[in-house]
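The sequence shown runs 0 to 388 under numbering that gives the first Met the number 0.
Ideal Cβ positions, reconstructed from N, Cα and C, are used throughout, including at glycine.
Worksheet: the structure to be examined is printed underneath.
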Amino acid sequence: MEDLLEFVVDFALRMGADYAEARFQSDITETVTLKNGVPDASTLSETEGLSVRVIFKGALGFASTNMLNRRASKEAAKRALEGAKAASKAVRLGVKMGGGELGRGRVEVRPRVSFEHVDMDARLELLKEADERALEAVKDVGAHLPARIFTLDTWVTEKTIITSDGVNVSSSTPRVALSVFMTAYHPQRGTAQRFFDLGETAGWEAVERWNLTRLFREEAYSLGKVLMEAEKPPKGVVDLVLGPEVIGLVSHESSGHPSEADRILGREAAQAGETYLKKDSLGMKVGSQLVNVVDDPTIERSFGFYLYDDEGVKARRRVLIKEGVINEFLHNRETASVFGVESNGASRASAYDREPIVRMANTFLEPGDYTFEELVEDVKEGVYIKNFM
Numbered sequence: 000m001e002d003l004l005e006f007v008v009d010f011a012l013r014m015g016a017d018y019a020e021a022r023f024q025s026d027i028t029e030t031v032t033l034k035n036g037v038p039d040a041s042t043l044s045e046t047e048g049l050s051v052r053v054i055f056k057g058a059l060g061f062a063s064t065n066m067l068n069r070r071a072s073k074e075a076a077k078r079a080l081e082g083a084k085a086a087s088k089a090v091r092l093g094v095k096m097g098g099g100e101l102g103r104g105r106v107e108v109r110p111r112v113s114f115e116h117v118d119m120d121a122r123l124e125l126l127k128e129a130d131e132r133a134l135e136a137v138k139d140v141g142a143h144l145p146a147r148i149f150t151l152d153t154w155v156t157e158k159t160i161i162t163s164d165g166v167n168v169s170s171s172t173p174r175v176a177l178s179v180f181m182t183a184y185h186p187q188r189g190t191a192q193r194f195f196d197l198g199e200t201a202g203w204e205a206v207e208r209w210n211l212t213r214l215f216r217e218e219a220y221s222l223g224k225v226l227m228e229a230e231k232p233p234k235g236v237v238d239l240v241l242g243p244e245v246i247g248l249v250s251h252e253s254s255g256h257p258s259e260a261d262r263i264l265g266r267e268a269a270q271a272g273e274t275y276l277k278k279d280s281l282g283m284k285v286g287s288q289l290v291n292v293v294d295d296p297t298i299e300r301s302f303g304f305y306l307y308d309d310e311g312v313k314a315r316r317r318v319l320i321k322e323g324v325i326n327e328f329l330h331n332r333e334t335a336s337v338f339g340v341e342s343n344g345a346s347r348a349s350a351y352d353r354e355p356i357v358r359m360a361n362t363f364l365e366p367g368d369y370t371f372e373e374l375v376e377d378v379k380e381g382v383y384i385k386n387f388m
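Structure (structure tokens):
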């Protein structure tokens, strides 16, 4: 694959590109779904292809193909260059690739238990057993569980990235994700719903660690207890304590997305929303000095794990909020050039035919020194939100 990508990059440069980038990606995905105890569609899919990105006189061009040969790759490079040439006539502020620690090498996450060793039937049987434990648990509290949807996805992603300024990185990454949806019901108490996800960068050993039969039993029992025994929260202004699941979403939506530099530049206003941060917001105080929000793609086994981003820049830990103060933004090479900094490795693409854009990885609030008991001991009247329903 390296030979083909190098060929594409060289061809684009010979055609007049000022910068050229070729990226290969393949994804092999297996999905099983159990709906109300009955197997739903189980799928095995494979996608692969390459994309070409070029800069010509300050304009960016992008194209892709799923035909992995020289002829199709040359055509993709031509389309990317044609787009860049057309756009260059209207460019005011040209695109430049900023600096960063450009990578060379290979990253391979080796699973302890390969997905190939666990077939579709075994995966469905595991979900069925876990479903039975959930039904038993909710029955113990006098409720029913009429609606359950469980989906288990596994996939392996292979990537190779080569650029005209020296990047040459490849990776192999297995991931597994679980999606759980339950609805509890009682004729007099109504309904309560619970939805959550789990994910890891690992092999089937991650599913073994999750212990689905125990997990489903505990979640169903808790949901049933909420339905049968929960009281309305107090009205008015009260103290609020948030659990990790809630804090994770708060960090993601209120710190992660707003810190994406392309959004700060106004690129996503019409599609994904705006941000309260501006180019000059670094150093702005937004919270208590106890608040530290981090985005870190280098955490092993984390769902958002990677060591090189999709521009080939080495990933690192990013401290978005430090002691309550905006500390840094998430950058790709283009936005880094605009802001006069180096890329911190936040350029990501979801597939071979999608252009890399600025996106967060694992965004979280760093823990402090207090135990849970210490957090709540001074609360006279308040609410603890452990998770989402």
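Practice problem: Express the C-alpha separation of S349 and F110 in angstroms, rounding to a whole number. | Solution: Taking the sequence shown and counting its residues from 1, the one referred to as residue 110 is at position 111. Taking the sequence shown and counting its residues from 1, the one referred to as residue 349 is at position 350. The identity of residue 110 in the sequence shown is Pro, whereas the question assumes Phe. For P110 and S349, the distance between alpha carbons rounds to 22 Å.
Exercise. Evaluate V37 with the Cβ neighbour count: other Cβ atoms within 10 Å of its Cβ, from every protein chain shown; 16 or more gives buried, anything less gives exposed.
Key: Start at 1 with the first residue of the sequence shown, and residue 37 comes out as number 38. The residue is exposed, with fewer than 16 neighbouring Cβ atoms inside 10 Å.
Self-check item: Cross-strand partners of G36 (DSSP beta bridge)
Solution: The sequence position of residue 36 within the sequence shown is 37, counting from 1. Its beta-bridge partners do not exist; DSSP assigns none.
Exercise. Kindly confirm or deny that the stretch 19-35 and the stretch 155-172 touch, where touching means at least three C-beta pairs closer than 8 Å.
Key: yes
Quiz item: Would you call the CB atoms of R188 and E218 closer than 9 Å?
Solution: The residue given as residue 188 occupies position 189 in the sequence shown. The residue given as residue 218 occupies position 219 in the sequence shown. Going by C-beta atoms, R188 is not nearer than 9 Å to E218.
Exercise. Check whether the stretch 77-93 touches the stretch 162-178, counting contact only when three or more Cβ pairs, one atom from each stretch, lie closer than 8 Å.
Key: no
Quiz item: Considering only residues of the same chain and omitting the five flanking positions on each side of R358, which have a CB-CB separation below 7 Å?
Solution: Position 359 of the sequence shown, counting from 1, holds the residue named residue 358. For R358, where only same-chain residues beyond five positions count, the Cβ hits under 7 Å are E259, A345, R347.
Exercise. Pick out whichever of M14, T297, I325 has its Cα sitting closest to the Cα of G286.
Key: Position 287 of the sequence shown, counted from the first residue, corresponds to residue 286. When only C-alpha atoms are compared, the closest one is I325.
Practice problem: Assuming S301 and M96 form a contact by the criterion Cβ under 8 Å, report the distance between their Cβ atoms to the nearest whole angstrom. | Solution: Locating residue 301 in the sequence shown gives position 302, where the first residue counts as 1. Locating residue 96 in the sequence shown gives position 97, where the first residue counts as 1. So it is not a contact: roughly 28 Å between Cβ atoms.
Quiz item: Going by the beta-carbon positions, is the gap between Y305 and T46 smaller than 9 Å?
Solution: Position 306 of the sequence shown, counted from the first residue, corresponds to residue 305. Position 47 of the sequence shown, counted from the first residue, corresponds to residue 46. For Y305 and T46, no; Cβs fall outside 9 Å.
Quiz item: Does the distance from the C-beta atom of W209 to that of E29 stay below 9 Å?
Solution: Walking along the sequence shown from the start, residue 209 turns up at place 210. Walking along the sequence shown from the start, residue 29 turns up at place 30. Cβ atoms of W209 and E29: not closer than 9 Å.
Quiz item: Buried or exposed: L43, going by 16 or more other Cβ atoms within 10 Å of its Cβ?
Solution: As a working note, residue 43 is residue 44 in the sequence shown. By the neighbour-count rule (16 or more Cβ atoms within 10 Å), L43 is not buried but exposed.
Self-check item: Cβ pair A19, V31 closer than 9 Å
Solution: Position 20 of the sequence shown holds residue 19. Position 32 of the sequence shown holds residue 31. Taking 9 Å as the Cβ cut-off, A19 and V31 do not qualify as a contacting pair.
Quiz item: Are I320 and V292 closer than 9 Å when you measure CB to CB?
Solution: The count along the sequence shown starts at 1 and reaches residue 320 at position 321. The count along the sequence shown starts at 1 and reaches residue 292 at position 293. Result yes, Cβ atoms of I320 and V292 sit closer than 9 Å.
Quiz prompt | Residues that DSSP places opposite A432 in a beta bridge | solution = Shown here, the chain extends from 0 to 388; a query on residue 432 therefore has no answer.
Practice problem: Determine, using beta-carbon pairs with one atom in the stretch 54-65 and one in the stretch 78-89, whether at least three such pairs fall under 8 Å. | Solution: yes
Practice problem: Please confirm if the stretch 308-316 is in contact with the stretch 237-253, defined as three or more CB-CB distances below 8 Å between the two stretches. | Solution: no
Quiz item: So, helix, strand or coil for D2, using DSSP?
Solution: Start at 1 with the first residue of the sequence shown, and residue 2 comes out as number 3. Residue state, collapsed to three classes: helix.
Quiz prompt | Own chain, CB closer than 7 Å to G311, minus 5 neighbours either side, in chain order | solution = The residue you call residue 311 lines up with position 312 of the sequence shown. Only L101, G102, I160, T162, V166, V168 meet the Cβ criterion.
Quiz item: Per DSSP, which one or two residues make a beta bridge with V382?
Solution: What you label residue 382 is simply residue 383 of the sequence shown in a count that begins at 1. V382 is bridged to L239.
Exercise. Could you name the residues that DSSP lists as bridge partners for F55?
Key: Reading the sequence shown from its first residue, position 56 is the one you call residue 55. Its beta-bridge partners are A58.
Exercise. Note the first and the last residue of the continuous beta strand (DSSP E) segment covering D294.
Key: Taking the first residue of the sequence shown as position 1, residue 294 is located at position 295. 292-294 is the extent of the beta strand (DSSP E) around D294.
Practice problem: Please state whether DSSP places V155 in a helix, a strand or coil. | Solution: Translated into the one-based positions of the sequence shown, residue 155 becomes position 156. Note: V155 maps to strand in three-state DSSP.
Exercise. State the DSSP-derived secondary structure class of K277, mapped to helix, strand or coil.
Key: Taking the first residue of the sequence shown as position 1, residue 277 is located at position 278. Note: K277 maps to coil in three-state DSSP.
Quiz prompt | Beta-carbon proximity list for Q288, same chain, < 6 Å, skipping 5 on both sides | solution = One-based indexing of the sequence shown puts residue 288 at position 289. Excluding sequence neighbours, Q288 sits near E322, G323.
Exercise. Give the DSSP-derived three-state secondary structure of S250 in the structure shown.
Key: As a position in the sequence shown, residue 250 is number 251, starting the count at 1. Correct three-state label for S250: helix.
Quiz item: Which term fits D309, buried or exposed, when burial requires 16 or more other beta carbons within 10 angstroms of its beta carbon?
Solution: Here residue 309 refers to the residue found at position 310 when the sequence shown is read from its first residue. The residue is buried, with at least 16 neighbouring Cβ atoms inside 10 Å.
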